[in-house]
Amino acid sequence: MHGTARYDTDEAIVTDGTRRDEALWLGIVLSFLAALPALLAWAPQMTDYPSHLAGYQIMVDHGRDPFLTRYFEFKWHWTGNLGVELLMVPMAPLFGVERAGRIIVALIPFLTGLSIISVAWTLRKRVAVGAILAFAMIWSPSLLMGFLNFSLSIALALFAFALWVRFDERPWTRRLLFIPIGFVVWLCHVSGWGVLGVLVFGYEWSKRRSWLDWRPFLKPWPLTFPLVPMLLGMGANSKVSYGHGVLEYKWSILYRAMRSYDYLLDVTSVSVVALVLFAALVTKRIDGRLGWAALILLFLTLAVPRQIFGGDYADYRLSTTALLVACLAINWPAPRWGLALAGLLFTVRLSITGTVWYQDAQTARHMMGALDYIPQGAKVATAVAIPRRQWFFGPFEHFGSYAVVRRSAMENSNFALPDVHMLSMREKAYRFADPTQRILYSANQRVDLRKFRPAFHAEYLWFIGTTRPVALPDGARILYTTPNSFLARLASPPDLANPVGGS
105 MHGTARYDTD EAIVTDGTRR DEALWLGIVL SFLAALPALL AWAPQMTDYP
155 SHLAGYQIMV DHGRDPFLTR YFEFKWHWTG NLGVELLMVP MAPLFGVERA
205 GRIIVALIPF LTGLSIISVA WTLRKRVAVG AILAFAMIWS PSLLMGFLNF
255 SLSIALALFA FALWVRFDER PWTRRLLFIP IGFVVWLCHV SGWGVLGVLV
305 FGYEWSKRRS WLDWRPFLKP WPLTFPLVPM LLGMGANSKV SYGHGVLEYK
355 WSILYRAMRS YDYLLDVTSV SVVALVLFAA LVTKRIDGRL GWAALILLFL
405 TLAVPRQIFG GDYADYRLST TALLVACLAI NWPAPRWGLA LAGLLFTVRL
455 SITGTVWYQD AQTARHMMGA LDYIPQGAKV ATAVAIPRRQ WFFGPFEHFG
505 SYAVVRRSAM ENSNFALPDV HMLSMREKAY RFADPTQRIL YSANQRVDLR
555 KFRPAFHAEY LWFIGTTRPV ALPDGARILY TTPNSFLARL ASPPDLANPV
605 GGS
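For this note's numbering, add 104 to where a residue sits in the sequence shown, where the first one is 1.
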């Protein structure tokens, strides 16, 4: 893998006539535009976001709220999954949890865009078509699902890699710098730290003198120190699983690498990017300094388990990252129209994401009216009806967690599993956390809530879904309704006679 694009370092013009400052400014403008969905919606419309928000609310409360203290406990673990949690510590007191969360969500795609530009500029002193094409991977399935720590860690990993390249001629300074930098990226998310290691190894491997040269394997050693707390098991869950139907699933995460809200557009986007990459490979316009890393990330996408350290989609997260790095590896100067076409793919996808987020946020605002009927500290069972097969990411699968954020409620869609999350339920007699809120249904299947188990331990039932249930728990009385949700008051179950924390 070698780049063959020509560039005159004495002039500010690439061989195709495009000024390098034009492409640089295009990348900066696109970086700002990347934050647009978070600015259009009053709250981020990510699948997991409300439950993360509830976790942050409990984390920064420090036991002041008697209801949150009664229902939940939060135990800090120094582990490789703390990016946004650490940012929330100073930001939540300044802005409040909800506003701080929105600011962070807006910053992540903006920083990712700047990190793409920083890598391209550091390697080649210009921004070409590959870097602009890589912008289409910013709003990845991982970001749309709400994997905030992972998405932030990818931006940090790209910035760190650019710094590694910049200090190429100062190896000892680089070694001293990257011992703490490796820890910072690892603390943000362990997968981002792994991606950084792959980027560094791929870069050093591209400089090898022969296939038997062992030095590239030793060059990333300043990044290895987070292995110490990992081997000591600091906050790490050891569960590893490939799941069922491995071959079919692995194929699906490849063609869903750009999955968002429109099947035809998403599959077409992957196909277009794949064709550009193939053309770049055939014409020898792949820069090996990033090309080897992209190849390794693709291999890891196929090789690593789906679940690692208690987290899901460990491999799916890497599929889009591999595509992003592969695009960055394209060393292909392009005329203005080529840059415009590459940017068009990103802006079209961004426009759809922004439109969907705005519309979903309006729907969410109506659904939030149910909270007016929920008293402070109530027990809420959320039931979310989810089609077994849908392409787009549903933004309301964890929406019930807003009852925790705004009503200090005990609610069942939170990430609160012992030995997996830092947040857990104090009451362990029954399971009352994610994924108990999910009701998966097929096309002709009816939703019946009479045996919905979380409702046995709650005062209110908050149903969310476009398919109305055919039956409710006995004694349920609907208090508030919208076209795709309702809130019902439940008959008091026996266990509420002696509330959690009572004598």
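Ideal placement from N, C-alpha and C gives every residue a C-beta, glycine not left out.
Nearest neighbour of residue i, chosen from the options [CA to CA]
{"i": "A507", "options": "F136, L172 and R124", "result": "L172"}
{"i": "S222", "options": "E189, A261 and M249", "result": "A261"}
{"i": "I212", "options": "S246, F450 and L237", "result": "S246"}
{"i": "R557", "options": "H181, S310, K229 and Y534", "result": "Y534"}
{"i": "T570", "options": "R393, G217, G286 and G498", "result": "G498"}
{"i": "E189", "options": "W325, L215, A147 and L252", "result": "L252"}
{"i": "G200", "options": "H348, L140, L157 and R363", "result": "L157"}
{"i": "A240", "options": "S375, D464 and P577", "result": "S375"}
{"i": "T226", "options": "A266, K555, H181 and I208", "result": "A266"}
{"i": "P154", "options": "R572, E515 and M529", "result": "E515"}
{"i": "Y584", "options": "F567, F136, A575 and P573", "result": "F567"}
{"i": "S418", "options": "V371, T405 and A426", "result": "Going by the sequence as given, residue 418 is Ala instead of Ser. Of the listed residues, the one whose Cα sits closest to A418 is T405."}
{"i": "V350", "options": "F321, R312, V386 and Q411", "result": "Q411"}
{"i": "W268", "options": "L248, A397, D476 and L300", "result": "L300"}
{"i": "V332", "options": "L198, W182 and L385", "result": "W182"}
{"i": "N588", "options": "M472, A224, G159 and A127", "result": "M472"}
{"i": "T369", "options": "Y477, Y420, R453 and L394", "result": "For the record, residue 369 in the displayed sequence is Leu; it is not Thr. Nearest option by C-alpha distance: R453."}
{"i": "Y346", "options": "L322, D416 and V164", "result": "D416"}
{"i": "A407", "options": "R421, L394 and G395", "result": "R421"}
{"i": "L137", "options": "L186, A210, D169 and L443", "result": "A210"}
{"i": "V524", "options": "A438, F500, W180 and I132", "result": "W180"}
{"i": "R493", "options": "S356, F536, D476 and L385", "result": "S356"}
{"i": "R124", "options": "P439, P275, F560 and S455", "result": "P439"}
{"i": "A224", "options": "A559, L394 and K532", "result": "L394"}
{"i": "N548", "options": "A259, P170 and R572", "result": "R572"}
{"i": "F536", "options": "Y545, V288, S546 and H561", "result": "H561"}
Cβ-Cβ distance between residue i and residue j below 8 Å
{"i": "L432", "j": "A264", "result": "no"}
{"i": "G102", "j": "L565", "result": "Residue 102 is absent from the model: the chain starts at 105 and stops at 607."}
{"i": "A446", "j": "L144", "result": "no"}
{"i": "Y175", "j": "R530", "result": "yes"}
{"i": "T586", "j": "H470", "result": "yes"}
{"i": "W461", "j": "R389", "result": "no"}
{"i": "L327", "j": "G286", "result": "yes"}
{"i": "V574", "j": "D552", "result": "yes"}
{"i": "S314", "j": "F214", "result": "no"}
{"i": "A139", "j": "P148", "result": "no"}
{"i": "G504", "j": "Q541", "result": "yes"}
{"i": "A487", "j": "I543", "result": "yes"}
{"i": "T457", "j": "S364", "result": "yes"}
{"i": "L591", "j": "A474", "result": "yes"}
{"i": "V429", "j": "A397", "result": "yes"}
{"i": "Y353", "j": "W495", "result": "no"}
{"i": "S528", "j": "E202", "result": "no"}
{"i": "G205", "j": "I242", "result": "no"}
{"i": "V484", "j": "A513", "result": "yes"}
{"i": "A361", "j": "T424", "result": "yes"}
{"i": "A127", "j": "Y160", "result": "no"}
{"i": "S257", "j": "G167", "result": "no"}
{"i": "G184", "j": "W290", "result": "yes"}
{"i": "P577", "j": "R554", "result": "yes"}
{"i": "F329", "j": "I283", "result": "yes"}
{"i": "P409", "j": "V302", "result": "no"}
For residue i: DSSP bridge partner residues
{"i": "S345", "result": "Q411"}
{"i": "S589", "result": "I568 and T586"}
{"i": "L552", "result": "Per the sequence presented here, residue 552 reads as Asp, with Leu not at that position. A575, per the DSSP bridge assignment."}
{"i": "F178", "result": "L527"}
{"i": "I434", "result": "I390"}
{"i": "R581", "result": "R593"}
Proximity test, residue i beta-carbon vs the ligand FMN heavy atom, cut-off 7 Å
{"i": "W436", "result": "This structure simply doesn't include the ligand FMN, nor any ligand for that matter."}
**Prompt:** Can you list, in chain order, the stretches of the beta strand (DSSP E) that have 3 or more residues and sit fully within the segment 468-549?
**Reply:** 483-491, 527-529 and 542-545
**Cβ contact (3+ pairs, closer than 8 Å) linking the segment 299-309 and the segment 399-408** = In this structure the segment 299-309 touches the segment 399-408; the number of beta carbon pairs closer than 8 Å is three or more.
**Request:** Give a yes or no on contact between the segment 214-233 and the segment 288-299, applying the rule of three or more CB pairs nearer than 8 Å.
**Result:** The segment 214-233, when compared against the segment 288-299, does not touch it at the 8 Å Cβ threshold.
**Message:** Whether or not the segment 329-339 and the segment 450-467 are in contact is what I'm after, with contact meaning three or more pairs of Cβ atoms, one per stretch, closer than 8 Å; do they touch?
**Reply:** Taking one beta carbon from each stretch, the segment 450-467 and the segment 329-339 have fewer than 3 pairs nearer than 8 Å; the two do not touch.
**Ordered list of beta strand (DSSP E) runs contained in the segment 231-297, each at least 3 residues** = DSSP assignment within the segment 231-297 yields no whole beta strand (DSSP E) run of 3 residues or more.
**Prompt:** Which runs of the alpha helix (DSSP H) fall wholly inside the segment 123-172 and span at least 4 residues, in chain order?
**Reply:** Runs found: 124-137, 140-144 and 153-165.
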